[in-house]
Amino acid sequence: MTSNDAAVTSVPEVVTKDRVVIRFAGDSGDGMQLTGDRFTSETATFGNDLSTLPNFPAEIRAPAGTLPGVSSFQLHFANYDILTPGDRPDVLVAMNPAALKANIADLPHGGVLIVNTDEFTKRNLTKVGYAQNPLEDDSLADFQVHPVAMATLTRGALEETGLSKKDAERAKNMFALGLLSWMYHRPHESTERFLREKFARKPDIAEANILAFRAGHAYGETTEAFAVTYEVAPAKLAPGTYRQITGNTAMSYGIVAAGRVTGLPVFLGAYPITPASDILHELSKHKAFGVTTFQAEDEIAGVGAALGASFGGVLGVTATSGPGIALKAETIGLAVALELPLLVIDVQRGGPSTGLPTKTEQADLLQAMFGRNGEAPLPIIAPQSPGDCFHAAVEAAAMAVKYRTPVMVLSDGALANGSEPWKVPDADTLQPIDPGFATEPNAPDGSGEFWPYLRDPETLARPWAVPGTPGLEHRIGGLEKADGRGSISYDPDNHDRMMRLRQAKIDGIEVPDLQVDDPTGDAELLVVGWGSTYGPIVAGARRVRGLGHRVATAQIRNLNPLPANLGQVLRSYKTVLVPEMNLGQLVLLLRARYLVDAKSYTKVSGLPFKAEELQDVFLDYLTGTHPNTSTTTNGAPMTGAQA
Amino acid sequence: MSTDLGLPSIGGLDLVPHTEDKQTAKDFTSDQEVRWCPGCGDYAVLAAVRSFLPTLGIKRENTVFVSGIGCSSRFPYYLNTYGMHSIHGRAPAIATGLATSREDLSVWVVTGDGDALSIGGNHLIHALRRNVNLKILLFNNRIYGLTKGQYSPTSEVGKVTKSTPMGSVDHPFNPISLALGAEASFIGRALDSDRKGLTEVLAAAAAHRGSALVEIFQDCPIFNDGSFDLLRKPETKEQRLIAVRHGEPIVFGPEDDRYAVVRDGFALKVARAAEVDAADIVVHDQESHELAFALSRLSDQNLDHTVTGIFRNVDRTTYDDAARAQLQQAKDKAPNADLQTLLNGRDTWTIAG
Numbered sequence: 001m002t003s004n005d006a007a008v009t010s011v012p013e014v015v016t017k018d019r020v021v022i023r024f025a026g027d028s029g030d031g032m033q034l035t036g037d038r039f040t041s042e043t044a045t046f047g048n049d050l051s052t053l054p055n056f057p058a059e060i061r062a063p064a065g066t067l068p069g070v071s072s073f074q075l076h077f078a079n080y081d082i083l084t085p086g087d088r089p090d091v092l093v094a095m096n097p098a099a100l101k102a103n104i105a106d107l108p109h110g111g112v113l114i115v116n117t118d119e120f121t122k123r124n125l126t127k128v129g130y131a132q133n134p135l136e137d138d139s140l141a142d143f144q145v146h147p148v149a150m151a152t153l154t155r156g157a158l159e160e161t162g163l164s165k166k167d168a169e170r171a172k173n174m175f176a177l178g179l180l181s182w183m184y185h186r187p188h189e190s191t192e193r194f195l196r197e198k199f200a201r202k203p204d205i206a207e208a209n210i211l212a213f214r215a216g217h218a219y220g221e222t223t224e225a226f227a228v229t230y231e232v233a234p235a236k237l238a239p240g241t242y243r244q245i246t247g248n249t250a251m252s253y254g255i256v257a258a259g260r261v262t263g264l265p266v267f268l269g270a271y272p273i274t275p276a277s278d279i280l281h282e283l284s285k286h287k288a289f290g291v292t293t294f295q296a297e298d299e300i301a302g303v304g305a306a307l308g309a310s311f312g313g314v315l316g317v318t319a320t321s322g323p324g325i326a327l328k329a330e331t332i333g334l335a336v337a338l339e340l341p342l343l344v345i346d347v348q349r350g351g352p353s354t355g356l357p358t359k360t361e362q363a364d365l366l367q368a369m370f371g372r373n374g375e376a377p378l379p380i381i382a383p384q385s386p387g388d389c390f391h392a393a394v395e396a397a398a399m400a401v402k403y404r405t406p407v408m409v410l411s412d413g414a415l416a417n418g419s420e421p422w423k424v425p426d427a428d429t430l431q432p433i434d435p436g437f438a439t440e441p442n443a444p445d446g447s448g449e450f451w452p453y454l455r456d457p458e459t460l461a462r463p464w465a466v467p468g469t470p471g472l473e474h475r476i477g478g479l480e481k482a483d484g485r486g487s488i489s490y491d492p493d494n495h496d497r498m499m500r501l502r503q504a505k506i507d508g509i510e511v512p513d514l515q516v517d518d519p520t521g522d523a524e525l526l527v528v529g530w531g532s533t534y535g536p537i538v539a540g541a542r543r544v545r546g547l548g549h550r551v552a553t554a555q556i557r558n559l560n561p562l563p564a565n566l567g568q569v570l571r572s573y574k575t576v577l578v579p580e581m582n583l584g585q586l587v588l589l590l591r592a593r594y595l596v597d598a599k600s601y602t603k604v605s606g607l608p609f610k611a612e613e614l615q616d617v618f619l620d621y622l623t624g625t626h627p628n629t630s631t632t633t634n635g636a637p638m639t640g641a642q643a
Numbered sequence: 001m002s003t004d005l006g007l008p009s010i011g012g013l014d015l016v017p018h019t020e021d022k023q024t025a026k027d028f029t030s031d032q033e034v035r036w037c038p039g040c041g042d043y044a045v046l047a048a049v050r051s052f053l054p055t056l057g058i059k060r061e062n063t064v065f066v067s068g069i070g071c072s073s074r075f076p077y078y079l080n081t082y083g084m085h086s087i088h089g090r091a092p093a094i095a096t097g098l099a100t101s102r103e104d105l106s107v108w109v110v111t112g113d114g115d116a117l118s119i120g121g122n123h124l125i126h127a128l129r130r131n132v133n134l135k136i137l138l139f140n141n142r143i144y145g146l147t148k149g150q151y152s153p154t155s156e157v158g159k160v161t162k163s164t165p166m167g168s169v170d171h172p173f174n175p176i177s178l179a180l181g182a183e184a185s186f187i188g189r190a191l192d193s194d195r196k197g198l199t200e201v202l203a204a205a206a207a208h209r210g211s212a213l214v215e216i217f218q219d220c221p222i223f224n225d226g227s228f229d230l231l232r233k234p235e236t237k238e239q240r241l242i243a244v245r246h247g248e249p250i251v252f253g254p255e256d257d258r259y260a261v262v263r264d265g266f267a268l269k270v271a272r273a274a275e276v277d278a279a280d281i282v283v284h285d286q287e288s289h290e291l292a293f294a295l296s297r298l299s300d301q302n303l304d305h306t307v308t309g310i311f312r313n314v315d316r317t318t319y320d321d322a323a324r325a326q327l328q329q330a331k332d333k334a335p336n337a338d339l340q341t342l343l344n345g346r347d348t349w350t351i352a353g
């Protein structure tokens with residue numbers, strides 16, 4: 001234990017650091033997500049680069065004080081551009097014995113541990129299997145432990161308010177936030193303002209939380225229990241205006257912006273599902289932008305209503321997670337047949353079935369690609385950071401409108417709930433898209449008829465004629481339609497032609513070439529990822545390069561159609577490695593399509609890759625020591641946890 | 001209870017552009033060959049709808065028919081309006097998105113007993129409770145036709161079909177009772193062959209603002225032939241068909257043998273008119289939920305007594321009007337909603353170049 005016998009000075013030493021990882025951990029009812037969120041906001045306002053990883057149970061309130069009930073929030077912030085929420089915390093704040101037990105294994109030797117001692121009662125210790133109080137034996141000797149009676153101190157600070165003991169103690173998370181804010185020199189005006197707004201209708205609760213927050217700050221300042229405080233200078237990011245944003249918020253703003261650039265009203269049909277519900281919540285606030293949100297009776301109705309809206313000339317959107325995509329599959333197939341614009345957001349979570357609702361995974365790629373009856377191709381875009389969800393949504397909507405097709409965006413739980421500083425785009429620079437509604441009959445035979453399936457020769461898109469347009473009355477549907485004229489057709493040749501036309505339309509969508517980051521230009525190992533693995537892959541590559549190795553990285557954003565140069569890129573590296581949070585879905589596609597012997601590294605723990613973990617995998621490949629002995633059923637080498 | 005948004009009470013078609021042009025059934029007939037089986041009740045309904053639509057006086061291009069899957073769901077192909085033949089059971093959901101997005105459209109759903117009450121039951125009840133401005137035509141032939149003769153959720157218990165060689169053991173839905181349970185604001189019923197009665201119910205449904213469910217008893221001559229003959233044959237129909245009209249006493253039957261509907265505890269029963277006090281004869285009130293329910297229970301699938309006409313017709317704020325009103329309120333409150341302001345949020349910082 002170092003806290004009490006450390007050399008104390010009236011002004012703590014200020015240590016400058018490049019980066020810090022803090023993890024707040026407590027019971028689900030302790031407000032750890034809010035605490036982490038506030039610390040993140042303060043950090044963003046201060047100008048650090050940052051990345052966050054909220055990690056919470058699916059239960060709203062698991063039994064108090066138990067291991068399954070532990071909720072945590074990890075924040076990585078730095079004075080340079082960082083890519084991941086950090087592998088291991090430098091500082092662990094544990095609000096109870098369960099939080100300590102669930103998280104202590106991640107704290108490196110010498111790490112700072114701040115513990116709320118009030119919860120370390122015999123009963124609570126027993127509940128999680130501690131025979132002895134770890135604060136009283138030497139099991140924590142490797143760490144810099146700061147025992148703080150947070151509940152008692154918070155209660156003391158709130159004595160004058162007249163709040164009950166229970167209500168007063170509820171503010172202890174703000175005490176912890178105040179203490180950490182002091183330790184890391186965070187600005188605290190925004191938190192106080194936030195609390196006043198959050199509890200605007202309960203001013204006494206707002207004041208109590210502010211008092212607790214200040215008390216935590218004052219405790220750090222006056223008790224001399226902490227020998228050092230830390231400074232992390234603002235990051236030197238590219239010039240511009242920044243804000244902090246989560247993936248779900250960025251996705252929602254992208255949908256609002258998509259309405260703006262297409263000039264179309266937006267209709268979101270959705271059914272609540274973790275971790276996509278926040279998109280419904282966020283968009284429901286933006287009616288002034290012409291966004292209608294419809295909370296449907298089920299997932300199928302959500303996408304059905306969105307498709308109905310699209311038929312009416314509106315930008316139809318649905319947002320869900322993997323189980324919802326499964327239910328929507330038939331309607332998405334209908335949208336493929338109808339060739340109407342539709343934006344489908346899949347915020348992937350752990351599967352199969354209900355799986356791990358609050359955890360992240362990338363195992364819906366093949367469902368997105370092939371999860372419909374018949375040949376039903378559609379474009380797929382995967383954002384690679386929380387802020388990138390904005391751009392992915394705008395691009396997907398533009399693609400949907402231009403090519404008259406459903407487009408799927410594959411986000412995931414890590415992107416959805418994770419946050420980062422986001423360079424706010426200039427709304428005026430977003431490229432407008434003309435929906436180009438049909439207004440005139442188009443029959444090539446001059447009959448004055450309207451042919452709903454007469455395609456644009458460039459894009460192969462069909463005309464979008466919306467109800468209310470005189471002279472263009474027509475019927476569409478899921479039955480196969482005659483090429484051009486659009487009436488029902490059971491003709492074998494026509495079906496074959498229509499199938500190939502639909503495929504050719506998607507294959508012909510223009511997507512940017514894959515950018516490869518190969519600083520020396522002569523790397524032999526190419527690491528290919530998609531979606532949220534961008535951060536850990538690039539962070540892992542940086543570490544490996546720092547050790548003097550050469551490695552190239554590339555993140556595939558357009559998963560269908562794939563970039564035109566992809567085959568050439570893959571063939572120009574001796575080894576291609578594909579890390580994924582599934583059992584090898586992209587690698588299966590790449591091997592099948594390009595006949596390259598791409599290697600797979602997979603993990604499906606519900607948590608993102610760690611930079612350190614990928615560094616080790618890359619090193620194994622670079623030094624030829626990878627235990628590459630077994631193969632999966634699809635022929636890809638089995639690696640990582642499976643090996 | 002609906003949210004009171006102070007919306008004026010308006011008719012079902014008041015926001016749809018009208019036309020002074022003379023329209024005929026031919027204008028509403030598409031160039032597609034009608035492909036139902038000979039003798040199918042759908043022909044009669046199609047003919048009735050084609051001649052009914054021109055009477056609405058709305059622009060043809062603002063009329064949309066959305067259907068699901070089943071024989072009746074081919075309906076949109078045969079009408080020269082906008083149309084979508086969608087997927088099994090989902091038409092009410094698709095139409096909900098369309099009607100909510102476009103107040104200027106007259107949106108109709110064509111569905112059957114399998115489509116609406118089996119695979120699409122959930123969407124039907126939710127469309128009804130929301131009271132979206134949709135007109136739902138439920139073609140009830142008590143059988144699966146397109147899949148060639150399995151029992152449906154309205155088939156009688158004991159029905160022998162391809163999938164129930166020993167007779168169906170499924171208890172059927174009563175579609176009217178179901179719709180009432182789902183808070184439907186308009187419910188009507190007609191026989192396919194009764195052009196006049198059907199047209200009357202359709203006209204009232206079109207004028208109603210909100211969801212309207214019109215159950216149409218329709219004959220499948222191939223797999224359930226003669227299923228409603230008791231209601232068609234002159235010698236049986238008069239004792240069985242009870243055509244109700246708002247504000248009028250419920251009496252029926254041949255002139256020389258009249259019957260009346262009277263109260264029986266919480267329910268209703270049929271009695272000989274001559275044997276009851278005229279004051280005890282129930283007067284139809286289309287705004288009474290309870291009366292409508294009792295009428296729907298007058299007989300079960302045996303067709304002993306079958307009520308036709310308008311069971312229920314009440315004014316209730318529609319989902320789509322309320323959703324659009326909220327959108328307008330938000331726009332009025334923030335007439336210059338600025339995308340850049342939204343993107344910036346409240347806490348930004350700037351890094352100088």
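For the record, the sequence lines run as chains A and B. Per full-length UniProt numbering, residue 1 is the first one in the first sequence, and the count goes up by one each step. Per full-length UniProt numbering, residue 1 is the first one in the second sequence, and the count goes up by one each step. No residue lacks a Cβ here, since even glycine has one placed at the ideal position from N, Cα and C. Remember, it's a predicted structure, so these values are computed and weren't measured experimentally.
Tell me the residue span of the alpha helix (DSSP H) that contains residue i.
i              : result
R324 (chain B) : 319 to 333
W182 (chain A) : 172 to 183
I94 (chain B)  : 91 to 101
H126 (chain B) : 121 to 130
Q585 (chain A) : 585 to 594
D493 (chain A) : 492 to 507
Can residue i and residue j be called in contact, C-beta distance under 9 angstroms?
i              : j              : result
F311 (chain B) : A292 (chain B) : yes
I556 (chain A) : F311 (chain A) : no
D18 (chain A)  : Y80 (chain A)  : yes
G69 (chain A)  : S41 (chain A)  : no
L191 (chain B) : L117 (chain B) : no
S321 (chain A) : P357 (chain A) : yes
K328 (chain A) : G387 (chain A) : no
F46 (chain A)  : S72 (chain A)  : no
P85 (chain A)  : V21 (chain A)  : yes
DSSP three-state call for residue i: helix, strand or coil?
i              : result
N336 (chain B) : coil
M408 (chain A) : strand
E580 (chain A) : strand
Cα separation between residue i and residue j?
i              : j              : result
V261 (chain B) : A319 (chain A) : 51 angstroms
F289 (chain A) : K331 (chain B) : 7 angstroms
R214 (chain A) : F175 (chain A) : 7 angstroms
N344 (chain B) : Y242 (chain A) : 8 angstroms
I216 (chain B) : E420 (chain A) : 58 angstroms
Q340 (chain B) : T96 (chain B)  : 32 angstroms
L53 (chain B)  : L202 (chain B) : 9 angstroms
H126 (chain B) : G350 (chain A) : 30 angstroms
Would you give the residue range spanned by the beta strand (DSSP E) that residue i belongs to?
i              : result
A271 (chain B) : 267 to 272
*What are the start and end residues of each continuous alpha helix (DSSP H) run of 4 or more residues lying completely inside the segment 58 to 126 of chain A, in chain order?*
97 to 103
*asked:* Could you tell me which whole beta strand (DSSP E) segments of length 3 or greater appear in the segment 328 to 405 of chain A?
replied: Entirely contained in the segment 328 to 405 of chain A, the beta strand (DSSP E) runs reaching 3 residues are, in chain order, 342 to 348.
_To test your reading of the DSSP string, which unbroken alpha helix (DSSP H) runs of 4 or more residues are found completely within the segment 402 to 466 of chain A?_
413 to 417
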